[in-house]
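>
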Amino acid sequence: MRSLSHTNILLFMGACIVPGHYQLVTEIAPNGSLDTLLHKQKNQCLHFSRKIRMAREIAEGMTWLHMQNPPLLHLDLKPANILLMEDYTVKIADFGISRLQRSVEKNQNEVKKEQNVTGIGGTPLYMPPEMFDLSPNITSKCDVYAYGIILWEIIEQKVPYEGKFNSVVALTMAITKGTRPTLPDKLSPTLKKLITDCWSPSPAARPEFKQILEPSQETFVKIVAEHISSRNDARSPFWMEMCSATIFTKVSWEGSKICLNSGRAAGEGDQQSVM
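If you're matching positions, the sequence shown starts at 34 in the numbering used here and goes up one per residue.
#1: What are the residues that DSSP puts in a beta bridge with V13?
#2: How big is the Cα-Cα spacing for P52 and L184?
#3: State the Cα-Cα distance for the pair S173 and C78, rounded to the nearest angstrom.
#4: Throw me the rounded Cβ distance for the P240 and N170 pair, which I believe falls under 8 Å.
#5: Taking 8 Å as the threshold (C-beta atoms), are Y180 and A92 in contact?
#6: Grouping DSSP H, G and I as helix and E and B as strand, with all else coil, what is L117?
#7: In this structure, does DSSP put S262 in helix, strand or coil?
#8: With C-beta atoms as the reference, is L67 less than 8 Å away from I115?
#9: Could you say which of R86, P103, T215, L216 lies nearest to N41 if we only look at CA atoms?
#10: Determine whether the beta carbon atoms of S82 and V257 lie at a separation below 8 Å.
#11: Under 8 Å between the Cβ atoms of H260 and S221?
#12: Just the Cα atoms here: how many angstroms apart are P161 and M100?
#13: On the DSSP bridge list, what partners appear for S66?
#14: Using alpha carbons as the reference points, say which of P193, Y159, P112 lies closest to G65.
#15: Are H107 and L98 close, meaning C-beta to C-beta below 8 Å?
#16: By DSSP, does V123 sit in helix, in strand, or in coil?
#17: The alpha helix (DSSP H) with V192 in it runs from where to where?
#18: Based on Cα-Cα distance, which residue from Y194, K73, A88 lies nearest to T252?
#19: Pull up the distance between the alpha-carbon of H72 and that of Y194, whole angstroms please.
#20: If I228 and L216 are in contact, beta carbons under 8 Å, what's the gap, nearest whole angstrom?
#21: Within the stretch 203 to 239, note down every full alpha helix (DSSP H) run reaching 4 residues or more, in order along the chain.
#22: Under three-state DSSP, which class holds M46?
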């Protein structure tokens, strides 16, 4: 895990292992998790371009993981496992933890055979239908499905399926039958297609992460452009250009003031604007 180094992957520095326990040493993500930002920090105002930039950074990190040899699958991709640095750069975390735990258990002779390790990890809200099978088909497309759900969650800032199912069994049955979160009416065509392609019931119909980013990541620029052009108060081409720029750089503004490479913090009690 120490060899895994990417801008959008949480840096693993080491581990402390004693019989029955293990601890990981990683870089600090001072702004907590994406889950907290979306659902628990009510004073945060997330601009659309900021949401799309986070979506792009998640795709970049996952592309890098899947391009390893052999591919490194996350299998529990969710907002709680996506951390945020001081400037809100995305850091994907908690991948490979189960493998480390199995390694520790084997070294301690607590597990004699690989098949004694219980089931596949994952969080039902973000798991594709094939992971609920008795003999699950585990591929990189499982992570792509989770990404589709996360995209919806980032845009809506709501918990998927919240209040719709009274048990995990009911949820998994609904997902298997094709139920997905309801898409908002005014979603841009490109973003709608990306989300629905990612959470397709067929793994073969889902794109690879590298396909989401190619060519030249223009998908994300197009999403922002469509969003701006659909607004009744769409501003000048310059403003559209600046919104697109925030997808690729640390850009924020307040009124007519544009701040490059700055993570401005609001005063206490103020609403903070996160680009």
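Ideal Cβ placement from N, Cα and C applies to all residues, glycine included.
Reading from the atomic positions:
#1: In the structure displayed, the chain extends from 34 to 308; residue 13 sits before or after that span and is not available.
#2: 40 Å
#3: 33 Å
#4: Wrong, their Cβ atoms sit about 17 Å apart, outside the cutoff.
#5: yes
#6: strand
#7: helix
#8: yes
#9: R86
#10: yes
#11: yes
#12: 21 Å
#13: L116
#14: P112
#15: yes
#16: strand
#17: V192 -> no alpha helix (DSSP H), and no H or E assigned at all.
#18: A88
#19: 14 Å
#20: 7 Å
#21: 222 to 231
#22: strand
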